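Some notes on the structure that comes next.
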Amino acid sequence: MSIAKTIEITASSNKGFEEAIKKGIKKASESLKNITGAWVMDQSIKVSKDVVSEYTVRMKITFVLK
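Under this note's numbering, read the sequence shown as residues -13 to 52, first letter to last.
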């Protein structure tokens, strides 16, 4: 039997949503082991001088406890 836990994180990038997701998973994997999936709950952007300056994702990461 496995037991999993889910945490919520926020990550951002100036390149795009996909890059923000990858950065968030990479950073989370530094302290979490056995990550099995992620659910992107929310996406948002920041605009500066009529140009998108930052992409942000809020996601839940699931990992299996040992």
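Idealized CB from N, CA, C, for every residue including glycine.
Everything numeric in this text was worked out from a predicted model, so none of it was measured.
- The continuous beta strand (DSSP E) containing Gly23 extends over residues 21 to 34.
- When the five nearest sequence neighbours on each side are left out, the beta carbons in the same chain lying within less than 7 Å of the beta carbon of Glu5 are those of Ser(-1), in order along the chain.
- For Lys13, the uninterrupted alpha helix (DSSP H) run begins and ends at 3 to 14, by DSSP.
- According to the DSSP secondary-structure assignment, Leu51 is paired through a beta bridge with Ile(-11).
- Of the residues Lys52, Ile47, Lys(-9), Tyr41, the one whose Cα lies closest to the Cα of Phe3 is Tyr41.
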